[in-house]
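Residue numbers (the working numbering), protein chains in the order written: chain C, 966 to 1688; chain Z, 966 to 1688. Glycine included, every Cβ here is placed at the ideal spot set by N, Cα and C.
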């Protein structure tokens, strides 16, 4: 290995990189000119002046459901919908339940329900509005998600006309608060294995619900500990001594008047949690609880009076996944809410980092602003890039969701694509939100630890987003299985030339404008095998190739390693799979990262109708941000690129130097980039992000300046040296 | 680059690795035999059977202050000293204050104070006992740390006989609760820049304390919001119009009878925090507050009646750092408490992961235990290895601390080494605790989010450990500056041969038995330049070389890059430094990781007196664990090793495969390895780590087995396929 890093002339290297960054602006300018961006160009000389058109970018980020989001933000700006820190959990539960009534009064929660019942049949808009609630209080978001997004949506999507007419009005009005009783103490993400049974009794034409053992208690259910008077209960449907698998049943659980459990129903309070304490999570169990036959939510499976089972979907497996698939909106909305929380976190930390001064460095008197420190940039600015990527990716996910649920594009394949996309993006965005909130907290020091600055509360609330609505690792495993099954179906005997285009198409399939991406993918193929210079790294095509290549190579390797499984015993096959589990999940993560990158790139280069309003200066800033995201991914996985001969050691080091310089270039625009998120002080509500820190710093500097001028400042004995 | 990874024959590779693991046991056996381990050998054939001697290992981990730790654990087992979840913060504060009185009654908190006042002059033991309080309630640990470890210790170490006699008895008995008023709203880690002034008034022979602006309010002080009736206040000492820098003053702040602030003193409550809500953190400010001249804690600097300043330390810089250095125990104890918290987290998650079953894989009926999944191993077992490393490193730090503070080894160099060691280890262990608590939380799913399972509460409390008592990044920067100043002092004109031994010696200097390590370091030099095979990677000498080489190369690179700074303007020099800030901090982190690795290795290979009781089987397990830690570090920084030509792509991939197999080998011993931490159910106090999950799993499996046997289990319609 001779191509190791030459550090003999770092200055030249830095200059080359700066030159590349200038060139990137030049190229963008030419590109913009040829695209006819016209008089919105920010400069007339050869280099475009980087700037951020905050107003335009803010509108662009609001996306398709801008009006709904703005309406929801007006609502979340109202103090009565916001979290009060320091309440006990019984008080907090009380408050959030009251807030749900306000949501009903304000018509915020009926968009997804049928027009015939007073809704709007607007699925994308419903989720967009719902996500915004996270900035008021994540407990409010999740509690209303339980009521209308899970309990109500299960009746809507798994039930039929009778259920809609009978149950939805009470659910919509909150007259009937309800639990979504799927998870059991013994089974979370593995829903197929739940223990609760619903056995049909032909004699009385009733289902009899039973909890056979402690592990089959329903658990962690919002509305179960206190407020719920009904529940959609998932149970193994048994009739004529045959188990037809998991189905959903509408089950009254409490007397609405007294609040007592109905006969045969029991439960427990889950008590205090790490967060989301405005929600009354609890446990439920059933002993010989009888419900009418009609309470089976029978859209995908029914039992006749005589106990005969029927279903429009023959395969029990497909039926199960079809039923569960109708509930994908939970994952979609967690993805969006996590992006919103990351935006709030960065708004706080970047605003504070732009005002707070600490340690004198280049001056005898003036301390440095935190965000001018390289490390502070390295901690926050890549997270800003990822937040933009996740935001654009979420917009694509929400659009796909709306297309499927509105019926505009609702084939089996569309539904599978939606589920895979949600399973890929939700893990990345929920983890990203937690990491961002934590980094923001630490970057704000002790101030970040105070409840009044919100970072700790949001982090505590969002913690569970990583494991509920599908554990993140389990979801990534689902994504990987989809990648592998597509691979084996299409390339069992294919040559490598076909393979080479495979994952590119995979990625394209997941995005909204797949045709546009497909043709870009074609361009990649013409470029050759590795990025050949620092300059090339900033080409979108080079980034795409590096990211795509990694996914496709990993999938192919795993597929090869697992090939013998079909000839092995079930036990040995499971062991073989387990030997590659970490690699499998890493491949899914790489795929999901590529999807985020594609979404960011699509937002930059996509249809003229959407991006034509982008001025050249804004395009420069957003392109730097996209490059930072893309090359940041390459940097994160640098060992892979080196081990697999995709980057030489020299090029690999250029990646790190380049991302460092990109962060420094973006730094002056960081405040504008968080401003474009569009959250005002009424949403951010952090004492340190209100300008208070700036006022304190100014007061302190004025004090010393005036004392120095007046000669009243004591002279130093001798300036202490810093360590 | 031709030496890319060949994946054509993964089976052979896996076999080779397994063979290497077997060989490692063989080699250990020979080593143990020649060391005369005698009849404690676990096996008589050629391969030692890996096992864990839990009892011996438990005692070994307790370390030098075993008796103190066991005594403290008896105390923390008492419910009245433990956290009650769900209290409001006023209730929690009340409870913790009451607990402090219990600590006094039980003689837990006076060990560090002079024998003449009823203490024991036992500095190491004091910290050891204090750290253990974290398992009862981190608020209890930190609140007693504020009272006796900061407020009391400042009087002890910065004051003289008069202060000891006058103030310590009340502090020790808790008659005088006090705040440690160093941090200001405007200045945290940069203590030298605080704004509070103490100006000597010759006329009245008093110091006059003043807070000149809002940013100079003291902030985040435990005991300030409610309980404190006095404070040690850090302020710029001004006399005869000269500022002699930061000194500490004993200042009464509240009327003990009424609890009201004394004239001129004001303050605010910091309110609810992200954790540690048993502590009444608050703000203080001073307006013309007069205190007697004698209230200056005058060990390192004094003012005579006529206002003349004198100090035994001429340089203001050195004086400042000497004063601050006496307070290093805060960092030492956070290091130890973080290790204890990580041990609790892993005890919970590994116990649960060993009982919880989810998804059938290799069987039609039995679900897999979580810890048998490769990914679950990958998530938890490397953290177990790091916890062992951090635990052994902490024992060395505590020993060093005790030597300095007992006077056994108390030169300037010893003190500097202690401070550097504390500044290196505290960031790593506090971050490690947070990461471990979070991984454990997620690995326990929804159950991990319940307060009753403790992970979320501990994580919330320990969050601030990363930024208080010195922000972690600032501390690492101090470490780096020490590395660089040592480097420049010793190697300004040296050749590379000298340099090559430099950081090895650095590492050796930091450990207790430096002579032993120095000779080992010599052995490294004989080995050659890179690890040459998978087999070699498991040699301690190869790991040491890889880790040491990285530190020394990074330090040399940075030193080279910064060399022009001396010829630059202050501003340009600061800019140059800033350009390398991230790299500088990464070098410090690498150094700290090496220190942890050396401590683990020392614990394995150190003096016969300590390790001779280790049986061969235990040595095999601990060696695997150490190798997993060491090679895990190499894996984490793999890109660096590849870019710098230290590992070929082929070898680099072997590292990952080897750590994966190491984790699998350690997996059967994981439960024993957490058992050896020695925390009983009364310390762990997590409902899911009590065997409850195992009982639930057994009940469920029995139910299905019996129903199957009795023929009462409904037959499946057709087994649903898993996605």
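query	result
Using CA atoms only, rank isn't needed, just tell me which of 1577(C), 1628(C), 1229(C) is closest to residue 1174(C).	1229(C)
For residue 1234(C), name the three-state secondary structure that DSSP assigns.	strand
Mind checking which residues open and close the beta strand (DSSP E) that includes residue 1262(Z)?	Counting along the chain, residue 1262(Z) falls outside any beta strand (DSSP E), and DSSP gives it neither H nor E.
Alpha carbon to alpha carbon, how far is residue 1164(C) from residue 1031(Z)?	59 angstroms
With respect to the alpha helix (DSSP H) encompassing residue 1313(C), which residues constitute its N-terminal and C-terminal limits?	1294-1318
Does residue 1475(C) get closer than 8 angstroms to chain Z when you measure Cβ to Cβ?	A caution first: residue 1475(C) carries a pLDDT of 37, below 50, which makes its placement in the model too unreliable to give a value.
For a test of the three-state rule: what should DSSP assign to residue 1586(Z), helix, strand or coil?	helix
Do the segment 1316-1331 of chain C and the segment 1522-1540 of chain Z make contact, defined as three or more Cβ pairs closer than 8 angstroms?	yes
Which residues does DSSP pair with residue 1680(C) in a beta bridge?	1207(Z)
Does residue 1608(Z) get closer than 8 angstroms to chain C when you measure Cβ to Cβ?	yes
Report back the beta-carbon spacing between residue 1391(Z) and residue 1296(Z) to the nearest angstrom; my notes put them in contact at under 8 angstroms.	4 angstroms
In whole angstroms, what is the alpha-carbon distance linking residue 1414(C) and residue 1420(C)?	7 angstroms
Pull up the CB-CB distance for residue 1265(C) and residue 1276(C), whole angstroms please, since I reckon it's below 8 angstroms.	6 angstroms
Which runs of the beta strand (DSSP E) at least 3 residues long sit entirely within the segment 1412-1462 of chain Z? Give them in chain order.	none
In chain order, what residues of the same chain lie with their CB nearer than 8 angstroms to the CB of residue 1442(C), ignoring the 5 residues before and after it?	1546, 1549, 1550, 1553
Cβ of residue 1494(C) less than 8 angstroms from any chain Z Cβ?	Legend: pLDDT at residue 1494(C) = 34, less than 50; position of this residue unreliable, value from coordinates given subsequently. Not closer than 8 angstroms to any Cβ of chain Z, the Cβ of residue 1494(C) fails to qualify, so no.
Quick one: which residues of the segment 1262-1290 of chain Z get their C-beta closer than 7 angstroms to a C-beta of chain C? List them in chain order.	1281, 1282, 1285, 1286
Inspect the beta-carbon positions of residue 1147(Z) and residue 1082(Z) and report whether they are closer than 8 angstroms.	no
Residues in its own chain within less than 6 angstroms of residue 1586(Z) by CB, not counting five upstream and five downstream?	1015, 1017, 1634
In this structure, does DSSP put residue 921(C) in helix, strand or coil?	It is not possible to answer for residue 921(C), since the shown part of chain C is limited to 966 through 1688.
Closest Cβ-Cβ distance between residue 1671(C) and chain Z: below 8 angstroms?	no
Comparing the C-beta of residue 1438(C) with each C-beta of chain Z, is any distance below 8 angstroms?	yes
For residue 1518(Z), which residues in the same chain have their Cβ closer than 7 angstroms to its Cβ, ignoring the five residues on either side in sequence?	1609
Does any CB atom of chain C fall closer than 8 angstroms to the CB of residue 1624(Z)?	no
Going by DSSP, name the residue or residues bridged to residue 1199(C).	1213(C)
Determine the closest residue to residue 1012(Z) out of 1239(Z), 1020(Z), 987(Z), 1665(Z), with distance taken between C-alpha atoms.	987(Z)
State the start and end residues of the unbroken beta strand (DSSP E) segment that holds residue 1248(C).	1247-1251
Kindly say whether residue 1174(Z), judged by its beta-carbon, lies nearer than 8 angstroms to any beta-carbon of chain C.	no
Run through DSSP, which three-state label would residue 1644(Z) get?	coil
At the level of alpha carbons, what is the spacing between residue 1169(Z) and residue 1270(Z)?	9 angstroms
Would you check if the segment 1093-1100 of chain C and the segment 1300-1313 of chain C touch, i.e. whether three or more CB-CB distances between them fall below 8 angstroms?	yes
Are the segment 1196-1213 of chain Z and the segment 1671-1682 of chain C in contact at 8 angstroms, needing three or more beta carbon pairs?	yes
Short of 8 angstroms in beta carbon distance, which residues of its chain neighbour residue 1343(Z), apart from the five on each side in sequence? Order them along the chain.	1625, 1628
Measuring alpha carbon to alpha carbon, tell me which of 1216(C), 1256(C), 1641(C) ends up nearest residue 1166(C).	1256(C)
Rounded to the nearest angstrom, what separates residue 1565(Z) and residue 1069(Z) at their Cα positions?	35 angstroms
Can you tell me whether DSSP reads residue 1152(Z) as helix, strand or coil?	strand
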